[in-house]
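Those letters in the sequence shown? Residues 0 to 145, by numbering that gives the first Met the number 0. Worksheet for the structure shown next.
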Amino acid sequence: MINVNDLMTTNLYTLSENDTLRTARLAMAEHRIRHIPIVDADNRFLGILTQRDVLALTVSSLADMDAEEREALDTNITLREVMSRNALTVDAKTSLREAAGLMLERKIGCLPVVTGDYLIGILTEADFLKLVVHLVDRIEELGEEY
């Protein structure tokens with residue numbers, strides 16, 4: 000059986016609950032990520048901020064605010080105020096089948112992977128796509144052998 004720990008990403012970009020929404024926006028753009036786990040100083044998982052959360056918090060360009068005012072607003076909002084605290088998590092030994100089922104059922108793009116309270120990885124839709132590409136490549140290789 001293939002488990003979450005066989006596919007999860009362990010090289011994580013995390014932020015603290017005291018970081019700002021502006022910091023999170025910049026990090027998502029710079030690192031090209033859509034999910035940022037929020038942890039404390041000991042790497043205990045506190046919550047998650049997703050691109051969907053950030054978009055929901057975006058001040059409309061129709062609002063009577065210029066870019067400077069929007070940036071100032073983002074600088075004054077801490078992640079503690081906007082992160083999802085009740086994020087669904089899984090253990091590293093959870094089967095990939097179960098994890099995929101949870102993501103489909105709940106319509107979520109990631110599952111933080113924890114051991115106890117501590118963040119050890121994240122499983123994302125992109126991880127599953129990498130697996131699909133690998134499997135398709137392997138199937139095509141096997142087809143060429145016959």
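For glycine and all other residues, C-beta sits at the position ideal for the given N, C-alpha and C. Note that this is a predicted model, so its numbers are computed, not measured.
Per-residue burial, residue i [other beta carbons within 10 Å of its own, 16 or more giving buried]
i           : result
residue 113 : buried
residue 100 : exposed
residue 34  : buried
residue 1   : exposed
residue 49  : buried
residue 46  : buried
Through-space distance from residue j to residue i, alpha-carbon basis
i           : j           : result
residue 97  : residue 20  : 32 Å
residue 131 : residue 117 : 29 Å
residue 138 : residue 24  : 39 Å
residue 124 : residue 71  : 32 Å
residue 9   : residue 119 : 6 Å
residue 61  : residue 67  : Caution applies to residue 61, whose pLDDT of 49 falls short of 50 and renders its modelled position unreliable; the model cannot decide the point.
residue 135 : residue 128 : 10 Å
residue 40  : residue 14  : 10 Å
Simplified DSSP state of residue i, which is helix, strand or coil
i           : result
residue 87  : coil
residue 24  : helix
residue 74  : helix
residue 100 : helix
residue 42  : coil
residue 130 : helix
residue 149 : There is no way to answer for residue 149, as the model of the chain reaches only from 0 to 145.
residue 17  : coil
7 Å Cβ cutoff met for residue i and residue j
i           : j          : result
residue 149 : residue 91 : What is shown of the chain runs 0 to 145, which leaves residue 149 out entirely.
residue 78  : residue 29 : no
residue 3   : residue 93 : yes
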